[in-house]
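Below is one structure, written out as structure tokens; comments come after it.
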Amino acid sequence: MHNRKFDAVIESLLFAAGDEGLSISQLSAVLDISMQEAEIEINTLKESYSEQHNRGIHLVELAGTYQLATKREMTPYIKKLVESPATSTLSQAALETLAIVAYRQPITRMSIEEIRGVKTDRPLQTLVSKGLIKDAGRAEGAGRAILYGTTHEFLDYFGLNDLSQLPPLTEDLDGADGDEETDLFFRSLQNSLGEEALEDKE
Amino acid sequence: MHNRKFDAVIESLLFAAGDEGLSISQLSAVLDISMQEAEIEINTLKESYSEQHNRGIHLVELAGTYQLATKREMTPYIKKLVESPATSTLSQAALETLAIVAYRQPITRMSIEEIRGVKTDRPLQTLVSKGLIKDAGRAEGAGRAILYGTTHEFLDYFGLNDLSQLPPLTEDLDGADGDEETDLFFRSLQNSLGEEALEDKE
Amino acid sequence: MEYSVKVDAFEGPLDLLLHLIQGLEIDIYDIPMADISEQYMLYIRAMKVLELNLASEYLVMASTLLAIKSRMLLPKHEESWEQDEEAFEEEDPRDELVERLIEYRKYKQAAAELKEKEQERGSFYTKAPVDLSQFEAQKQDSLEDMQIDLHDLLGAFNKLLRRKKLKKPMSARISRQEVSIEKRMEEILSDLRSRRAPSLFHEMFPVTEKPHMVVSFLAVLELMKRNEITIKQEGNFSDILVEAFEGVNLVAQP
């Protein structure tokens with residue numbers, strides 16, 4: 001049974017918690033109801049936010065907690081008002097490293113480097129300093145190498161509720177993602193170096 | 203005339219503006235309506251917040267700007283939230299403040315507030331009372347403001363021998379956007395290959 | 405010309421190989437080693453021409469490719485009694501490389517999806533928590549009870565850096581430029597003169613916008629200082645009346 005009088009309380013709690021998020025257990029403690037009831041309450045509220053077209057905010061699940069967030073269709077208006085800090089988005093190297101850590105955690109630097117085929121200390125350092133990955137123990141064996149795992153902030157940063165929401169790894173690559181510029185370059189490279197390369201072979 | 207479709211947009215703008223508040227002139231600029239209209243819109247919304255008993259937040263006017271805030275009757279619940287064992291003792295505000303002190307020490311309250319963009323006296327108090335940070339001298343200049351630094355307990359608590367063991371904050375370790383570099387690479391490659399290929403042919 | 409730019413056109417030799425395979429539209433399970441090594445060497449050579457900082461992994465891969473190529477050129481040991489078993493191909497020298505490429509490609513793809521999620525997440529706004537420290541202080545917890553570690557600290561800091569900031573009020577700045585104090589002084593003065601009777605103080609503020617009100621107030625003060633206007637109040641709490649001095653025609657320029 002949904003209890004409408006809780007709506008106001010939950011909204012105020014969500015508002016106060018902000019991007020720290022509100023968990024089911026916090027909600028159940030504050031409202032003095034069971035976890036199941038708390039979950040029903042919050043999910044009913046979640047639906048009502050998305051149904052109401054005169055609401056500009058809604059409830060999202062992030063990193064295992066509930067948070068209020070602006071609805072996506074409001075983004076153009078908000079962009080006129082607030083500025084995003086110059087968030088340097090993650091580099092390709094950092095993203096690849098993070099992907100490997102996310103799917104294979106806990107994992108050592110060496111194993112990551114085996115997969116990527118290149119040194120990976122700098123991307124790892126970046127990711128640790130951004131609080132996206134953490135030291136998650138030590139590997140067995142002689143070196144006792146650091147094992148890396150993802151953090152709470154990782155989930156939040158990518159808008160995930162938990163690790164099970166990571167997109168499945170696919171073996172087959174459909175569709176070419178090669179950017180045209182690279183290909184253009186490649187063709188001209190072949191033309192200009194083609195002859196020379198043949199000479200080298202002889 | 204009140205235009206219901208603006209309600210959602212205004213709510214999202216208020217939400218994003220946060221503590222800094224939204225002024226009538228900002229609202230009129232974003233919505234591209236006159237100041238008079240903007241004022242009518244926001245006041246209608248303000249009324250509807252206070253009328254609806256299933257809302258936990260309302261619109262308050264402070265120093266000429268409008269902002270969202272939790273309704274006063276919700277305070278006991280919010281207090282309960284903070285006191286609940288399910289809530290971690292250090293709030294986001296305190297954690298942020300601690301991170302800033304740890305990495306930028308010695309630092310004054312004003313400088314911390316500049317970074318965080320909000321008042322920070324309470325989080326500082328909390329951290330001092332928990333023994334994680336302390337008064338570490340006085341800043342030069344007229345105010346002789348208190349400089350904050352981390353304590354021995356801070357090091358103990360996080361298992362550090364000294365401050366140099368804090369993970370480095372590498373805001374931009376990976377450098378700029380990869381794409382630009384790639385473009386640069388290809389352009390310069392094409393240029394130089396052009397010449398060299400010609401030379402070799404001769 | 406010197407090219408000391410550090411360039412990461414590719415995320416390493418595997419990335420480069422994947423790019424070549426894609427560009428040549430060849431089957432990753434049946435890589436023509438001669439072609440691929442040739443193309444690979446072209447790139448390596450090009451990077452050297454540019455004096456790019458070539459990571460040693462690229463060179464290691466180059467020799468791996470050449471080794472595989474030569475192993476494939478070796479004539480197969482065709483001992484007669486084994487001929488029937490040709491169906492059981494002996495281990496393909498490319499196998500290990502193909503496996504690595506496929507494994508790497510999985511994560512490269514996953515990285516692309518993470519990038520999408522990163523952008524998507526960046527397109528909606530969450531808010532900073534309300535400062536609840538006033539209630540926190542009452543909570544008596546020992547440090548040991550706090551379930552935080554250094555990564556929480558870094559995470560919180562990252563969140564702070566990501567948080568959006570309100571743009572400096574655009575219209576406020578514009579309106580401040582629109583009404584200068586001088587201009588407002590002229591307006592007030594000509595207003596008062598045209599009336600010929602004292603005006604109420606609050607009439608000096610026809611626009612209820614903060615910058616305009618501030619400008620109006622400063623204009624009134626300046627006019628008083630220059631003895632262009634006079635301000636009277638009959639008694640406590642009675643109306644403040646503003647009046648222009650007679651006989652003054654111009655706002656004197658400072």
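Residue numbers (our numbering), protein chains in the order written: chain S, 1 to 202; chain L, 203 to 404; chain Z, 405 to 658.
All residues carry an ideal CB built from backbone N, CA and C; glycine is no exception.
Source: prediction; values computed, not measured.
Locate the beta strand (DSSP E) running through residue i, then write down its first and last residues.
i	result
Leu264 (chain L)	259-264
Lys512 (chain Z)	No beta strand (DSSP E) holds Lys512 (chain Z); the alpha helix (DSSP H) holding it covers 499-526.
Ile302 (chain L)	Note, Ile302 (chain L): premise wrong, no beta strand (DSSP E); alpha helix (DSSP H) at 294-306.
In chain order, what residues of the same chain have a beta carbon less than 8 Å from the beta carbon of residue i, not counting five sequence neighbours either side?
i	result
Ser603 (chain Z)	Asp595, Leu596, Leu645, Val646, Glu647
Ser28 (chain S)	Ser34, Met35, Glu37, Ala38
Asp162 (chain S)	Ala63, Gly64, Leu155
Leu458 (chain Z)	Ile448, Met451, Lys452
Asp174 (chain S)	Any reading at Asp174 (chain S) needs caution, since the residue's pLDDT is 49, under 50, leaving its predicted position unreliable; the model's value is listed next. No residues qualify anywhere along the chain.
Asp643 (chain Z)	Leu604, Phe605, Gln637
Gly416 (chain Z)	Ala459, Glu461, Tyr462
Lys563 (chain Z)	none
Please list the terminal residues of the continuous alpha helix (DSSP H) segment that includes residue i.
i	result
Leu418 (chain Z)	417-427
Ile280 (chain L)	277-285
Gly137 (chain S)	It is not in any alpha helix (DSSP H) - Gly137 (chain S) instead sits in the beta strand (DSSP E) that spans 133-138.
Thr468 (chain Z)	460-477
Asn534 (chain Z)	It should be noted that the sequence gives Val, not Asn, for residue 534 (chain Z). Run containing Val534 (chain Z): none; DSSP gives neither H nor E here.
Ile40 (chain S)	35-51
Leu155 (chain S)	152-157
Ile10 (chain S)	4-17
Hey, would you say residue i sits closer than 8 Å to residue j, going by beta carbons?
i	j	result
Glu123 (chain S)	Thr97 (chain S)	With the sequence shown as reference, residue 123 (chain S) is identified as Pro, and Glu is not the correct amino acid for it. Yes. Within cutoff.
Thr289 (chain L)	Gln26 (chain S)	yes
Ile432 (chain Z)	Val502 (chain Z)	yes
Met617 (chain Z)	Phe605 (chain Z)	no
Ser537 (chain Z)	Ala296 (chain L)	yes
Gly559 (chain Z)	Gly131 (chain S)	yes
Leu424 (chain Z)	Ile440 (chain Z)	yes
Ala514 (chain Z)	Gln92 (chain S)	no
Leu371 (chain L)	Ser164 (chain S)	no
His255 (chain L)	Ala102 (chain S)	no
Thr75 (chain S)	Ser527 (chain Z)	yes
Ala145 (chain S)	Thr108 (chain S)	yes
Val232 (chain L)	Leu81 (chain S)	yes
Leu627 (chain Z)	Ile592 (chain Z)	yes
Lys273 (chain L)	Phe539 (chain Z)	no
Pro167 (chain S)	Glu524 (chain Z)	no
Ala532 (chain Z)	Arg504 (chain Z)	no
Please list, in chain order, all residues of the same chain as residue i whose beta carbon is under 6 Å from its beta carbon, the five residues on each side excluded.
i	result
Tyr251 (chain L)	Arg257, His260, Leu261
Lys636 (chain Z)	Leu645
Asp385 (chain L)	Note that Asp385 (chain L) scores a pLDDT of 43, beneath 50, so its modelled location is shaky; the value from the coordinates is reported in the next line. Cβ neighbours of Asp385 (chain L) beyond the five flanking positions: none.
Glu41 (chain S)	Phe6
Lys587 (chain Z)	none
Phe414 (chain Z)	Leu420
Thr126 (chain S)	Ala94
If contacts are defined as beta-carbon pairs under 8 Å, then residue i and residue j qualify, I think. What distance do you get, rounded to the angstrom?
i	j	result
Ala301 (chain L)	Leu557 (chain Z)	5 Å
Asp32 (chain S)	Thr530 (chain Z)	Incorrect: roughly 27 Å between the Cβ atoms, too far for contact.
Glu461 (chain Z)	Gly117 (chain S)	6 Å
Met445 (chain Z)	Ala466 (chain Z)	7 Å
Asp135 (chain S)	Leu62 (chain S)	Incorrect: roughly 23 Å between the Cβ atoms, too far for contact.
Tyr77 (chain S)	Leu215 (chain L)	6 Å
Pro308 (chain L)	Leu349 (chain L)	4 Å
Val619 (chain Z)	Ile585 (chain Z)	6 Å
Arg509 (chain Z)	Leu422 (chain Z)	6 Å
Leu112 (chain S)	Glu507 (chain Z)	Position check: residue 112 (chain S) holds Ile in this sequence, whereas Leu was assumed. Ile112 (chain S) to Glu507 (chain Z), Cβ: 12 Å. No contact.
Is residue i near the ligand MG, judged by its Cβ being under 7 Å from some heavy atom?
i	result
Thr277 (chain L)	You won't find the ligand MG in this model; it holds no ligand whatsoever.
What does a CB cutoff of less than 7 Å around residue i pick up in its chain, not counting 5 residues either side in sequence?
i	result
Thr65 (chain S)	Gly21, Leu22, Ser23
Pro436 (chain Z)	Ile430
Ala139 (chain S)	Thr108, Ala145, Leu147
Give a yes or no on whether the minimum CB-CB distance between residue i and chain C is below 8 Å.
i	result
Asp556 (chain Z)	Absent from the structure: chain C. Protein chains present are S, L and Z.
Subject >> Contact list for the stretch 496-511 of chain Z against chain S, Cβ threshold 8 Å >> reply: Arg504, Ile506, Glu507, Tyr508, Arg509, Lys510, Tyr511
Original post:
Going along the stretch 516-533 of chain Z in order, which residues come within less than 7 Å of chain L, judged by CB to CB distance?
Top reply: Tyr529, Lys531, Ala532, Pro533
**OP:** Closer than 8 Å, Cβ to Cβ, to anything on chain Z: give me those residues from the stretch 7-22 of chain S, in chain order.
**Re:** Phe15, Ala16, Ala17, Gly18, Asp19, Glu20
**OP:** Could you list the residues in the stretch 283-295 of chain L with a C-beta less than 7 Å from some C-beta on chain Z, going in chain order?
**Re:** Val284, Glu285, Ser290, Thr291, Leu292, Ser293, Gln294, Ala295
Original post:
What residues in the stretch 627-645 of chain Z have a beta carbon less than 9 Å from any beta carbon of chain S?
Top reply: none
Subject >> Where the stretch 124-157 of chain S meets chain Z: residues whose CB sits under 9 Å from a CB there >> reply: Val128, Ser129, Lys130, Gly131, Leu132, Ile133, Lys134, Asp135, Thr151, His152, Glu153, Phe154, Asp156, Tyr157
**OP:** Closer than 7 Å, Cβ to Cβ, to anything on chain S: give me those residues from the stretch 417-435 of chain Z, in chain order.
**Re:** Pro417, Leu418, His423, Gln426, Gly427
**OP:** Could you run through the stretch 594-613 of chain Z and flag, in chain order, every residue whose CB is less than 7 Å away from some CB of chain S?
**Re:** none
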